[in-house]
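Below is one structure, written out as structure tokens, with a few remarks after it.
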Amino acid sequence: MRQFRFGVQASSPTQTGLEWQEIARKAESLGFSTLFVPDHLDDGQFSPIVAMTAAAMATRTLRVGSLVFDNDYRHPVLLAREMATLDLISEGRLEVGMGAGWRRSDYEQSGIHYDPPGVRISRLSEAVEIMVSLWREGTATLEGQHYSVNGAVGLPKPYAPQGPPLIIGGGGRKILDLAARYAQIVGINPSLSAGVIGTEVARTVGPENFLERVAWVKESAGNRFEEIELQCLTLVAQARDNGYSWLSEVAPAFGVTADQAMASPIVLVGTVSEIIETLELRRQQFGFSYWVIHQQEMEAFAPVVAALNGK
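When we follow the numbering used here, the leftmost residue of the sequence shown carries the number 7, and every step to the right adds one.
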């Protein structure tokens with residue numbers, strides 16, 4: 007059974023570089039493993055590559071990562087080079103999250119064509135193949151449906167010979183099959199195939215849905231499943247008294263009852279001791295050892311991290 011570790015997803019836009027550096031140092035001091043940056047165009051967050059670099063330079067042990075890069079925004083040869091550089095200058099403190107893109111509004115704002123999920127996932131598969139080849143082999147050649155790369159050079163080399171750990175996550179079979187083949191860290195998520203977060207997502211967040219997704223990864227990964235770290239990005243992680251009462255008020259807005267919300271792996275609500283017990287049970291049930299919460303929750307959640315980190 008893998009040891010627990012915890013990440014923070016940047017979710018509150020900062021106004022200055024000094025504020026961002028302080029967030030990184032705070033996450034490090036509270037014992038979080040990783041500070042993640044999302045990749046959306048309309049949420050006010052800093053651009054991920056620059057923000058990740060600044061956070062790495064402001065800290066000593068904190069890992070930094072993307073959760074996740076939208077593959078359609080950057081060519082894989084260029085992104086592989088940027089990530090190898092960041093991995094090198096951070097001395098191996100990088101995790102690279104890659105996704106096929108899902109938020110329709112990002113595409114509409116930027117004028118990028120929003121292809122069907124199968125096309126976006128196929129394009130991501132080729133991109134990941136190119137990036138991994140550049141990191142591990144030092145070169146990449148691929149004549150695919152989406153990319154044509156001929157002898158691209160993988161310099162600079164990343165910090166470790168195998169390159170930075172790759173994160174791929176999702177809620178559908180195709181993306182999780184891809185994750186099972188390539189990723190060192192697999193995120194088990196709700197289905198976001200609609201391109202927006204609405205009440206229909208609630209139908210995909212039950213424990214039975216997550217067990218099915220873990221089973222897909224296990225089947226597709228085969229013998230390498232034991233090498234995979236399973237990650238869960240929470241929707242809410244509230245360490246508080248009277249958690250059930252609070253959830254009874256907010257859950258109906260998402261189209262679920264408080265009981266349904268409490269049973270979902272992406273919801274952690276209760277006292278510190280209750281959340282600790284829940285996490286231990288969910289690691290047994292689903293295999294999730296790598297939990298990611300949101301930035302505004304990290305101080306209240308710190309006692310949970312202190313109790314479970316590395317155990």
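The C-beta atom is built at its ideal place from N, Cα and C for all residues, glycine as well.
The structure presented is a predicted model; accordingly, all values stated were derived computationally and were not measured.
Coil, strand or helix - Ile127 by DSSP: Here Ile127 sits in helix by DSSP.
In angstroms, rounded to a whole number, what distance separates the CA positions of Ser128 and Ile95? When rounded, the distance between both Cα atoms is 31 Å.
Taking 6 Å as the limit between beta carbons, can you name the residues of its chain near Ala146, skipping five residues before and five after? Excluding residues within five positions, the ones whose Cβ falls inside 6 Å are Ile136, Ser139, Leu140, Val155, Ala158.
Local Cβ density within 10 Å of Pro82, reported as buried at 16 or more and exposed below that: Flag for Pro82 reads buried.
Using the DSSP secondary-structure output, state which residues sit across from Val310 in a beta bridge. Paired residue(s): none; Val310 is not in a bridge.
CA nearest to the CA of Ser18, picked from Ala312, Gln302, Lys317: Among Ala312, Gln302, Lys317, the Cα nearest to that of Ser18 belongs to Gln302.
On the DSSP bridge assignment, give the partners of Val211 in chain order. Bridge partners of Val211: none, in fact.
Do Phe38 and Gln15 have their CB atoms nearer than 8 Å? Gln15 is positioned such that its CB atom lies no closer than 8 Å to that of Phe38.
Give the range of the beta strand (DSSP E) segment to which Glu235 is assigned. Glu235 -> beta strand (DSSP E) spans 235-239.
8 Å Cβ cutoff met for Pro271 and Arg288: Yes, the Cβ-Cβ distance between Pro271 and Arg288 is below 8 Å.
Tell me, to the nearest whole angstrom, how far the beta carbon of Ile181 is from that of Ala106; I am working on the premise that it is less than 8 Å. Cβ-Cβ separation between Ile181 and Ala106: approximately 6 Å, consistent with a contact (criterion under 8 Å).
With Thr91 as the anchor, note down where its beta strand (DSSP E) starts and where it stops. First-last for Thr91: 82-95, but that is the alpha helix (DSSP H), not the beta strand (DSSP E).
From which residue to which residue does the beta strand (DSSP E) around Met104 run? Residues 100-105.
Apart from the five residues on each side of it in sequence, which residues of its chain come closer than 7 Å, Cβ to Cβ, to Ala64? Excluding residues within five positions, the ones whose Cβ falls inside 7 Å are Gln27, Ala30, Arg31.
Would you mind sorting Pro170 into buried or exposed? The rule is 16 or more other CB atoms within 10 Å of its CB. By the neighbour-count definition (other C-beta atoms within 10 Å, threshold 16), Pro170 is a buried residue.
Unbroken stretches of the beta strand (DSSP E), 3 residues or longer, contained in the segment 8-80: Entirely contained in the segment 8-80, the beta strand (DSSP E) runs reaching 3 residues are, in chain order, 11-15, 40-43, 69-72.
Going along the chain, which unbroken runs of the beta strand (DSSP E) with 3 or more residues stay wholly within the segment 146-188? Counting only runs of 3+ residues, the beta strand (DSSP E) found wholly inside the segment 146-188 occupies 154-159, 172-176, in chain order.
Please state if the CB of Phe292 and the CB of Phe231 are separated by a distance shorter than 8 Å. The answer is no: Cβ separation not under 8 Å.
With DSSP collapsed to three states, give me the class of Gln190. The DSSP-derived three-state label of Gln190 is coil.
Identified DSSP bridge partners for Ile299: DSSP, once it has assigned bridges, lists Val14 as partnering Ile299.
Please classify Gly117: does DSSP put it in a helix, a strand, or coil? It is coil, neither helix nor strand.
Where DSSP assigns a beta bridge to Phe294, which residues make up the other side? Paired residue(s): Leu236.
Close beta carbons around Pro54, own chain, < 6 Å, minus the five adjacent residues each side: Counting only Cβ-Cβ distances below 6 Å, and skipping sequence neighbours, we find Val43, Asp45, Ser72.
Given that a residue counts as buried once 16 or more other Cβ atoms are within 10 Å of its Cβ, and exposed if not, what is Arg126? Label assigned to Arg126: buried.
Are the beta-carbon atoms of Leu161 and Asn195 separated by less than 8 Å? At a Cβ-Cβ threshold of 8 Å, Leu161 and Asn195 do not count as neighbours.
Kindly list the residues whose CB is nearer than 7 Å to the CB of Tyr188, restricted to its own chain and excluding five residues on each side of it in sequence; keep chain order. If we look at Tyr188 and ignore the five residues flanking it on each side, its Cβ neighbours are Val134, Val138, Leu172, Ile174.
Check whether the segment 270-284 and the segment 245-258 touch, using three or more Cβ-Cβ pairs below 8 Å as the test. The answer is yes - the segment 245-258 touches the segment 270-284, with three or more Cβ pairs under 8 Å.
Comparing C-alpha positions only, which one of Pro123, Asp78, Met58 sits nearest to Thr91? Here the closest residue by C-alpha is Met58.
Report the option in Val256, Ile191, Asp121 whose CA atom is closest to the CA atom of Lys224. That would be Ile191, whose Cα lies nearest to the Cα of Lys224.
So, are the CB atoms of Ala62 and Arg99 less than 8 Å apart? Contact flag set, yes.
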